[in-house]
Every structure is written in structure tokens, then in C-alpha cells.
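Chemist:
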Amino acid sequence: MSSRVVVLTGASSGIGRAAALAFAARGDRLVLAARGADDLTKVAAACGNDPLVVPTDITRRGDLDALLNRAVERYGHVDVWVDSAAVMAYGTFEDVPPEVFDHMIATDLLGSANVARTALRQFRAQGHGTLIGVSSLLSHVTVPYISAYVTAKWGQRGLFRSLQQETRDAPGIHVCLVAPGSVDTPIYTSAANYAGFVGRPPPPVDSAERIAARVVRLAGKPRPSVSVGATNRLIELGFTLLPPVYDVLVTPLMRRGGLSRQAIDGTDGNVFGPRPRVEGGPGRWSRAQVGAVVAGAALVAGASVRRLLPRN
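Numbering of the sequence shown is given in full-length UniProt numbering, commencing with residue 1 and proceeding in unit increments.
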């Protein structure tokens, strides 16, 4: 098992943190980057083996240049770059302040482009490398109340698909995209919120560790895209083949499954700067809660189908 040099942007929490721990367990040499220095230091301590810690804001291209320079100065090259940095905002499009919407796009889409540009420049220079972007099921379907996140993830998927085409001339360079479904991470509780209730991942919910394991596997055996989630394909199928039913279901399901009953005042969360995060949150579902959401969805779906059926 060969040791690799792995750069992780968004390494301070959630999937990025879990991936850092998984790569460290494998014996890889790590470069950890995110906006929050304190959280990065904690992750580095948990990883062991003296990772390089470089506080970085991916919306700033100069920060990414400095990150790459530090990585190459220490290790000489970069084998894998994993980007999971993202922020989120809850609320209808009209309720989310324009500056919050714009900065989310700057982070989740333009930031991803900044990372890709920096990584590919290094990969071209050395002749090899694997770029892994952490996307979302929401790069394939739409849901209400998180329009900025959906917009960014659809754009990111288009970008990475283009990059896969543009790097066909370099067999040693791989561009991959992982699309998880719901994952229990702090992004929901640290998000900007103008919906009145704290967000949560709708069921079924995967652990960050499961997604991280797939990321590590992808680094060893690159593939253009991987979907991780028990119901991802079913949701995509409904979105594509039954849009009228999907559109009727998605709003009540988002209200019941994607928003907790924990009230919250309007806040810009961690969109403009790092804030302390707590792993987990109101994302852990009991079997009774999951059953209630599924039963409610079935009732709404049945009523919707009946309305769509032709009447004599």
C-alpha cells in the first residue's frame, strides 16, 4: 500500500474531516485546508503523523496558490486533491438576502472552480493526479428552500463533466465527482437560515464516514462519477420521469424531512466566515420518524396520482 500526498479543502468538519481521518488511517501524507484554523488543528491532531495545516478560503485564488506552494514545498508533489468545502442557506429564494445567495455561489461553485484550476495546474506540471469533488444528489434534482445550494451543485456537475472531457489528453489525470444523498454533517446546523427552523438531512441519512470511504476508494480507482445513497437513483428517476408527481411531493417532504421543529431566527450562519461546528445535529432519525415521513409521502403521492389520472 503506497503512501500518497493528499490535499483536502473543506477538511475541518463533516465529509472532509471523515475523509482526512480515512486517508490518515491508510498512511497517506495530508495537507488539511479550510477557513477555520482551530477546527483544522483538531482534525490534524486526530489524524496524527503531523499533517500540514493551511487555513484557506477557496473563494480567494491567492489562498489556494499559497496552499499549493506549501504542499509542494513540503512533499514535492500532490497525488490527490479532495474538495468538500461548501456552505448552505435555508429559505425561499425571495427570503434569502442577495449577498448571502451570491457568496454561497462564490463558495460552492466558483470556489470549486478555483480549486480545480489550482489542482489541474499542478497535475499538468507533474503529469498525474486525481481531483475529487464532493457534490450532492442535489446536482441532479431540485428541491425548495435551498435554491442557492442547488444552483451551485448543478453548476459544479457541469464544470466537472467539462473538465473530464478536457483532460482526456492526459491519461494520468483523473477528474471525479461524488454525489452523496443525505449525510449527517454540521452543514445543516451551521447554515444560513431564513426558513424559521433549523435544517436537517432528510431520511435515509448516511454517515460522513461512509462517504469518506467511497472517496478513499475513488482515489485508488478513479471513476468519473459515483452516487452514494440508498434512494438517490429512485429520487432521480421520479424527478426525470414523473415531474408532476415529484413537484407535488417535494415541498411537503422538504418541510417535514428537511426542516426540524427547532425554531431559529434569521442568521447568515457560517456563509461569510468560519464558526465553531458540532458534528451531528438534528439529523438522527428514529424509525418512527422515518415511518411517519414515508407514510405521509405515500398519502400525498396517492392523492397526486389520482388527480393526474384521466376522469370518465
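Backbone N, C-alpha and C fix where the C-beta goes; we use that ideal spot for every residue, glycine too.
None of these values were measured; they are calculated from a predicted model.
In the DSSP output, which residue or residues are listed as bridge partners for R26?
Modeler: Per DSSP, none; premise fails for R26.
Chemist: According to DSSP, is S147 helix, strand or coil?
Modeler: If DSSP states are grouped into helix, strand and coil, S147 belongs with the helices.
Chemist: Residues bridged to W81 by DSSP?
Modeler: Answer is V7, L131.
Chemist: Would you call the CB atoms of A89 and I146 closer than 8 Å?
Modeler: Their beta carbons are under 8 Å apart, which means A89 touches I146 by this criterion.
Chemist: In whole angstroms, what is the alpha-carbon distance linking V226 and R168?
Modeler: The alpha-carbon atoms of V226 and R168 are separated by roughly 19 Å.
Chemist: Out of P144, L237, A179, which has the shortest C-alpha to C-alpha gap to F160?
Modeler: Nearest of P144, L237, A179 to F160, Cα basis: A179.
Chemist: Return the chain-ordered ranges of every alpha helix (DSSP H) run that is complete within the region 39–106 and spans a minimum of 4 residues.
Modeler: Those alpha helix (DSSP H) runs which fall completely within the region 39–106 and span 4+ residues are 61–75, 98–105.
Chemist: Where L259 and R74 are concerned, what is the direct C-alpha to C-alpha distance, given to the nearest angstrom?
Modeler: Straight-line Cα distance between these residues: approximately 44 Å.
Chemist: How is the beta strand (DSSP E) around residue 315 delimited, first residue to last?
Modeler: Nothing can be reported for residue 315: it is not among the residues displayed for the chain, which extend from 1 to 312.
Chemist: On the DSSP bridge assignment, give the partners of V183 in chain order.
Modeler: According to DSSP, V183 bridges with D206.
Chemist: Looking at the secondary structure, which residues open and close the beta strand (DSSP E) in which V226 lies?
Modeler: Counting along the chain, the beta strand (DSSP E) containing V226 begins and ends at 225–228.
Chemist: Return the first residue and the last residue of the beta strand (DSSP E) that D198 is part of.
Modeler: The question names Asp, but residue 198 is Val in the sequence shown. Looking at the DSSP string, the run of the beta strand (DSSP E) that includes V198 is 197–199.
Chemist: Could you tell me which residues DSSP pairs with L177 in its beta bridges?
Modeler: The partner list for L177 (beta bridge, DSSP) reads G133, S225.
Chemist: Please classify K221 as buried or exposed, where buried requires at least 16 neighbouring CB atoms within 10 angstroms.
Modeler: Exposed, because fewer than 16 other Cβ atoms sit within 10 Å of the Cβ of K221.
Chemist: Measure the alpha-carbon distance for P201 versus G27 and round it to whole angstroms.
Modeler: Their backbone Cα atoms lie some 31 Å apart in a straight line.
Chemist: On the DSSP bridge list, what partners appear for residue 339?
Modeler: Here the chain covers residues 1 to 312 and nothing more, so residue 339 does not appear.
Chemist: Less than 6 Å between C-beta atoms, sequence neighbours within five positions excluded: which residues of the same chain meet that for P55?
Modeler: Excluding positions up to five away in sequence, the list reads A37.
Chemist: Determine the contact status of A208 and V183, defining contact as a CB-CB distance below 8 Å.
Modeler: Yes, the pair counts as a contact, with Cβ atoms nearer than the cut-off.
Chemist: By DSSP, does T142 sit in helix, in strand, or in coil?
Modeler: If DSSP states are grouped into helix, strand and coil, T142 belongs with coil.
Chemist: Looking at the structure shown, is V31 part of a helix, part of a strand, or coil, going by DSSP?
Modeler: Three-state DSSP puts V31 in a strand.
Chemist: Where DSSP assigns a beta bridge to N193, which residues make up the other side?
Modeler: The partner list for N193 (beta bridge, DSSP) reads Y90, T267.
Chemist: In chain order, what residues of the same chain have a beta carbon less than 6 Å from the beta carbon of R287, not counting five sequence neighbours either side?
Modeler: Note that R287 scores 41 on pLDDT, short of 50, meaning its location in the model is unreliable; the coordinates nonetheless yield the value given after this. Excluding residues within five positions, none has a Cβ falling inside 6 Å.
Chemist: Work out the CA separation of R117 and L173 for me, nearest whole Å.
Modeler: The identity of residue 173 in the sequence shown is Ile, whereas the question assumes Leu. Approximately 13 Å between the Cα atoms of the pair.
Chemist: Distance, Cα to Cα, T130 vs N270?
Modeler: Using only the alpha carbons, I get a separation of about 29 Å.
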